[in-house]
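*Asks:* To start, I am sharing the structure in question, which I have written as structure tokens.
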Amino acid sequence: TTGDFMFQEVWFPLLIWTLVAIPATYLLHRLKSIPPAYQYHGRMALLLALPLGIIGSHLLDAIGKATASAVPATKFFVIQNPISASTAATEPSILSLLSDPMLWIGLIGLLMVAGAGYGLFAMAKGLIQLWMLENDLEFNSLHYHTAITKQLPKVDQQKWRKTQIAFSSEAQTPFTYGWPRTKIVIPNRLQESPEALAMAVQHELTHIKHRDFLLNGILMVIKS
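Going by our numbering, 165 is the number at position 152 of the sequence shown; the sequence numbering is gapless.
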């Protein structure tokens, strides 16, 4: 039963998606003339196509069933066969069970589910580590740091008014997390170089503008 479910809900959609994704990925890899932004969004679209395709197929199936239920049912006359036949129930042998492909599809499917669960667990662990790090840092609104904002390009202040920033001795590189309330963590050493600090903050604001933290989170779930 598990193998049959996995075949319909997992393996078959994965097969269809793979047949589309392989040539599309090959073209993106070979066509160097495609700008990096389109390369990036093309790959993101390929990954998003898998869950969106599965959800879309289920929605179409549900709509089809709802439409079919709205049509008046056709009445049939059933004639009972006067001859009754019975067969003795026989237990399937171990050999017949092992030769059933659905058994192996089900077992491999369970391993896949376990791997996906591990990936989601690692993602949840990372979020907990971010939460613990946040409790150890002192965040302030970015517009309070006038020394930084003065060196940023003149952009709409509403884009980063709600953004918070903190400095950490543990962080090796700047990073951004959180949605919709975003936070920027900057290594302490960058405070010694105002130009490098402003460049790092501007880079993180670009990530915030494109909602990369939210998108990467969705992609991590899909990859799992």
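For glycine and all other residues, C-beta sits at the position ideal for the given N, C-alpha and C.
1. Whose CA, out of W192, A209 and L203, lies closest to the CA of K222?
2. Could you check where the alpha helix (DSSP H) with A179 kicks off and where it finishes?
3. How would you label K196, buried or exposed, when you count the other beta carbons within 10 angstroms and need 16 or more for buried?
4. Where does the unbroken alpha helix (DSSP H) through F134 begin, and where does it stop?
5. For T162, which of helix, strand or coil comes out of DSSP?
6. Please confirm if Q185 has its CB atom under 9 Å from at least one CB of chain C.
7. By DSSP's criteria, Y190 is part of a beta bridge. Which residues make up the other side?
8. For G16, count the other beta carbons within 10 Å of its own beta carbon; 16 or more makes it buried, fewer makes it exposed. Which is it?
9. Hey, could you find the ends of the alpha helix (DSSP H) V214 is sitting in?
10. DSSP three-state label for S154, please.
11. Alpha carbon to alpha carbon, how far is H71 from G128?
12. Taking the alpha carbon of T176 as the point to measure from, which residue in A160, S154 and P187 has its own alpha carbon closest?
13. Using CA coordinates, which residue listed in Y51, A79, A184 and D74 is at the minimum distance from L143?
14. Should the stretch 26-36 be regarded as contacting the stretch 197-210, the criterion being three or more beta carbon pairs within less than 8 Å?
15. Would the C-beta of I35 count as close to the ligand PLP, meaning under 8 Å from any of its heavy atoms?
16. When the Cα atoms are used, what is the spatial distance from I107 to I29?
17. What is the rounded straight-line gap between the Cα of L60 and the Cα of L232?
18. Taking C-alpha atoms, which residue in M57, T219 and F18 lies nearest to L116?
19. Return the first residue and the last residue of the alpha helix (DSSP H) that N229 is part of.
20. With a 10 Å radius around its C-beta and 16 neighbouring C-beta atoms as the bar for buried, classify L40 as buried or exposed.
21. I need the straight-line Cα distance from N148 to K78, nearest angstrom please.
22. Would you say L146 and S181 are within 9 Å of each other, going by their C-beta atoms?
*Replies:* Reading from the atomic positions:
1. W192
2. Residue range Q177 to S181 is occupied by the beta strand (DSSP E) that includes A179, with no alpha helix (DSSP H) assigned at that position.
3. K196 comes out buried.
4. P114 to D149
5. helix
6. No chain C is present in this structure, which holds just one protein chain.
7. K196
8. buried
9. P207 to K222
10. The answer is strand: DSSP assigns S154 an E or B state.
11. The C-alpha of H71 lies about 24 Å from the C-alpha of G128.
12. S154
13. A184
14. no
15. This structure simply doesn't include the ligand PLP, nor any ligand for that matter.
16. Separation of I107 and I29 (C-alpha to C-alpha, rounded to the nearest whole angstrom) is 33 Å.
17. 7 Å
18. When each option's Cα is compared against that of L116, the closest is F18.
19. Counting along the chain, the alpha helix (DSSP H) containing N229 begins and ends at D225 to K236.
20. When all chains shown are included, L40 counts as exposed.
21. 50 Å
22. yes
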